[in-house]
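J.: I am attaching a structure below and will ask some questions about it afterwards.
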Amino acid sequence: MRGIVRRIVWISRQQWQACALAPPQDSDAEGLPQGHVLHLWCADLDEAVWSDLGHGSLDEAERSRAQGMADALARERYGRSRSLMRQVLARYLGGRPDALQFELLVHGKPRLHSAVGNEAPLQFNLSHSRSAWLLAVTCVDPLGVDLELPRDVPNAARLAERVFTPAERLSLAEAEAVSPARRNEVFLECWTRKEAALKALGDGFSLGAASLHVGFRGGIGAEDSVVLSHPRHPSRPFRLSSLELPWTAHAACAHAPEITQVVCRWLTAATAA
């Protein structure tokens, strides 16, 4: 990240300290994210350490959704994803994971129920792609993250017609002319940036994705980190940044421009080798 973000603490996956489902034990990230600080948590949902995690902390709606998934692996990953999210948020708030209550905003963005009653208005956003898991936490709103592992997107041009700006579609067409692999890379990079931005605004794709130009790293009019606003909400600026994660992946985070420090940790239940 560049620009207003003055400090980012990134530790490689091989070097990350085990945190045993607790906030990092250094002054940058202990307890709630103080001031204009953003915490990013990463995990691999398929790691053996999560095999006994169970779904005991999930609420009725989460269990019902999991039970409705025909694919056993997808069902297990969903349960682990929600359980991990609950455990991390509960550590911040000093409560039990199964006691957390969530509510959905008008366009489906989840937030902690006001009954939780924490003094600082904890904000969070979650994304996962297959086994890759990313949770962002801050006390400054707005906030959105998105994560995509590499995959083939043969219908990228058709999707782009609905959600990309003309300049973004031009970049995609140029990538398509190079190779399908390059097309996939460009599409997913722009898609994650756009998804993160729209999640931060809280309106999702109902806001009009094609009206918001986010670009991609190396693309037309795009930077790794840039302050933007949606044409419909010019008074609600946000900083959009592409992220480097422990996977070969596309990821982005959108947050309030006042965020000046980002602290990132790998979530594990055992001591790192």
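Numbering-wise, the working numbering puts 110 at position 122 of the sequence shown, and it's gapless, one number per residue. Ideal placement from N, C-alpha and C gives every residue a C-beta, glycine not left out.
With distances taken Cα to Cα, identify the nearest neighbour of residue 32 among 80, 217, 234, 26.
T.: Locating residue 32 in the sequence shown gives position 44, counting from the first residue. The shortest C-alpha separation from residue 32 is found at 234.
J.: Using the rule of at least 16 other Cβ atoms within 10 Å of the residue's Cβ for burial, across every protein chain shown, is residue 268 buried or exposed?
T.: What the structure shows of the chain is the stretch from -11 to 261, and residue 268 is not part of that stretch, so it cannot be assessed.
J.: When you compare the stretch 121 to 130 with the stretch 240 to 258, are there three or more beta-carbon pairs, one atom per stretch, that lie closer than 8 Å?
T.: Output reads yes: the stretch 240 to 258 touches the stretch 121 to 130.
J.: With distance defined between alpha-carbon atoms, name the residue in 144, 143, 124, 227 nearest to residue 135.
T.: In the sequence shown, counting from the first residue as 1, residue 135 sits at position 147. Of the candidates 144, 143, 124, 227, the one whose C-alpha sits nearest the C-alpha of residue 135 is 124.
J.: Could you please give the first and the last residue of the uninterrupted alpha helix (DSSP H) stretch that includes residue 89?
T.: Start at 1 with the first residue of the sequence shown, and residue 89 comes out as number 101. No alpha helix (DSSP H) contains residue 89, which DSSP labels as neither H nor E.
J.: Rounded to a whole number of angstroms, what is the C-alpha to C-alpha distance between residue 204 and residue 22?
T.: Working through the sequence shown from its first residue, we reach residue 204 at position 216. Working through the sequence shown from its first residue, we reach residue 22 at position 34. Rounded to whole angstroms, residue 204 to residue 22 spans 30 Å at the Cα level.
J.: With a CB to CB cut of under 6 Å and the five nearest residues on each side skipped, what residues in its chain are close to residue 216?
T.: Counting from 1 along the sequence shown, the entry for residue 216 is found at position 228. Excluding positions up to five away in sequence, the list reads 228.
J.: Buried or exposed for residue 39, please, with buried defined as at least 16 other CB atoms from any protein chain shown within 10 angstroms of its CB.
T.: In the sequence shown, the residue the question calls residue 39 occupies position 51. Residue 39 should be labelled exposed.
J.: Please list, in chain order, all residues of the same chain as residue 148 whose beta carbon is under 6 Å from its beta carbon, the five residues on each side excluded.
T.: Translated into the one-based positions of the sequence shown, residue 148 becomes position 160. Closer than 6 Å at Cβ, skipping near neighbours: 157, 160.
J.: Would you mind stating whether residue 76 and residue 29 have Cβ atoms separated by less than 7 Å?
T.: By one-based count along the sequence shown, residue 76 stands at place 88. By one-based count along the sequence shown, residue 29 stands at place 41. Yes, these two residues count as a Cβ contact at 7 Å.
J.: What is the DSSP secondary structure of residue 181, counted as helix, strand or coil?
T.: Counting from one through the sequence shown, the residue named residue 181 turns up at place 193. Note: residue 181 maps to helix in three-state DSSP.
J.: To the nearest angstrom, how far is the alpha carbon of residue 45 from that of residue 223?
T.: Looking up residue 45 in the sequence shown gives position 57. Looking up residue 223 in the sequence shown gives position 235. Computed Cα separation, rounded: 39 Å.
J.: Using DSSP with H/G/I as helix, E/B as strand and the rest coil, what is residue 159?
T.: By 1-based counting over the sequence shown, the position of residue 159 is 171. Residue state, collapsed to three classes: helix.
J.: Judging by CA-CA distance, which residue of 219, 255, 36, 248 is the nearest neighbour of residue 26?
T.: Numbered from its first residue, the sequence shown carries residue 26 at position 38. Closest by alpha carbon: 248.
J.: Helix, strand or coil for residue 136? Go by DSSP, reduced to three states.
T.: Within the sequence shown, numbered from 1, the residue matching residue 136 stands at position 148. In the structure shown, residue 136 sits in a strand (DSSP, three-state: E or B).
J.: Per DSSP, residue 241 forms a beta bridge with which residues?
T.: For the purposes of this step, residue 241 is identified with residue 253 of the sequence shown, where counting begins at 1. Bridge partners of residue 241: 133, 229.
J.: Could you tell me whether the stretch 54 to 69 touches the stretch 87 to 102, using the rule of 3 or more Cβ pairs below 8 Å?
T.: Verdict: no, contact absent.
J.: In or out: residue 85 buried (at least 16 other Cβ within 10 Å) or exposed?
T.: Sequence index remark: in the sequence shown, residue 85 carries index 97 (1-based). It counts as buried.
J.: Secondary structure at residue 172, three-state DSSP: helix, strand or coil?
T.: As a first step, residue 172 must be located in the sequence shown, where it is residue number 184. Residue 172 falls in the helix class under three-state DSSP.
J.: Can you tell me the Cβ-Cβ gap for residue 218 and residue 199, rounded? I've got them flagged as a contact below 8 Å.
T.: If you number the sequence shown from 1, residue 218 lands on position 230. If you number the sequence shown from 1, residue 199 lands on position 211. So it is a contact: roughly 7 Å between Cβ atoms.
J.: Roughly how many angstroms separate the alpha carbons of residue 16 and residue 34, rounded to a whole number?
T.: Indexing the sequence shown from 1 puts residue 16 at position 28. Indexing the sequence shown from 1 puts residue 34 at position 46. Confidence is the limiting factor: at residue 16 the pLDDT is only 37, short of 50, which leaves the residue's position unreliable and the question unanswerable from this model.
J.: Would you say residue 202 and residue 181 are within 7 Å of each other, going by their C-beta atoms?
T.: Sequence index remark: in the sequence shown, residue 202 carries index 214 (1-based). Sequence index remark: in the sequence shown, residue 181 carries index 193 (1-based). Yes, these two residues count as a Cβ contact at 7 Å.
J.: Among the candidates 24, 61, 71, whose CA atom is the shortest distance from the CA of residue 47?
T.: What you label residue 47 is simply residue 59 of the sequence shown in a count that begins at 1. Among 24, 61, 71, the Cα nearest to that of residue 47 belongs to 71.
J.: Thinking just about the alpha-carbon of each residue, which of 214, 175, 183 is nearest to the one in residue 141?
T.: Locating residue 141 in the sequence shown gives position 153, counting from the first residue. Per the Cα distances, 175.
J.: According to DSSP, simplified to helix, strand and coil, what is residue 121?
T.: As a first step, residue 121 is located in the sequence shown; it is residue number 133 there, counting from the start. It is a strand residue.
J.: Taking just the CA atoms, how far does residue 191 sit from residue 183?
T.: Here residue 183 refers to the residue found at position 195 when the sequence shown is read from its first residue. Here residue 191 refers to the residue found at position 203 when the sequence shown is read from its first residue. Approximately 11 Å between the Cα atoms of the pair.
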